[in-house]
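Per the numbering used here, the very first residue in the sequence shown carries number 2; after that it's consecutive.
Heads up, the beta-carbon is just placed ideally off N, CA and C, and yes, glycines get one too.
Report on one structure; see the data block that follows.
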Amino acid sequence: MSITVYTKPGCVQCDATKRTLNKLGFAYDLVDLTEDRVALESIKALGYAQAPVVVTSEDHWSGYRPDKLKELA
Numbered sequence: 002m003s004i005t006v007y008t009k010p011g012c013v014q015c016d017a018t019k020r021t022l023n024k025l026g027f028a029y030d031l032v033d034l035t036e037d038r039v040a041l042e043s044i045k046a047l048g049y050a051q052a053p054v055v056v057t058s059e060d061h062w063s064g065y066r067p068d069k070l071k072e073l074a
């Protein structure tokens, strides 16, 4: 399963999401929204206005969602 986490520096919810994914043993790609304008625009096009945005091959959501992260396991 592919997982991409769109983050920004100093984001507490982003850090919590990454910690949980690490704890669950998932590999994931990180995209810094402050450095990738195209990624930022694509996330906005999905309707999201806050980080992190987690995109998997089956779902996507915004914010720290431990319930969604545990569903991946």
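Whose C-beta lies closer than 7 Å to the C-beta of residue i among residues of the same chain, with five residues either side of it excluded?
| i | result |
| --- | --- |
| Q51 | S63 and G64 |
| T21 | P67 and L70 |
| A17 | Y65 |
Could you tell me the distance, in whole angstroms, from the CA atom of residue i to the CA atom of residue j?
| i | j | result |
| --- | --- | --- |
| V6 | L31 | 5 Å |
| A40 | V13 | 20 Å |
| Y49 | K19 | 18 Å |
| D60 | L47 | 12 Å |
| E36 | K45 | 15 Å |
So, for residue i: in the same chain, excluding its five sequence neighbours on each side, which residues have a beta-carbon less than 6 Å away from its beta-carbon?
| i | result |
| --- | --- |
| C15 | T8, A52 and P53 |
| S3 | S58 |
| V56 | T5 |
Hey, would you say residue i sits closer than 8 Å to residue j, going by beta carbons?
| i | j | result |
| --- | --- | --- |
| L34 | A74 | no |
Identify, in the order they occur along the chain, each residue of the same chain with its Cβ nearer than 8 Å to the Cβ of residue i, setting aside the five sequence neighbours on each side.
| i | result |
| --- | --- |
| A28 | I4 |
| E42 | none |
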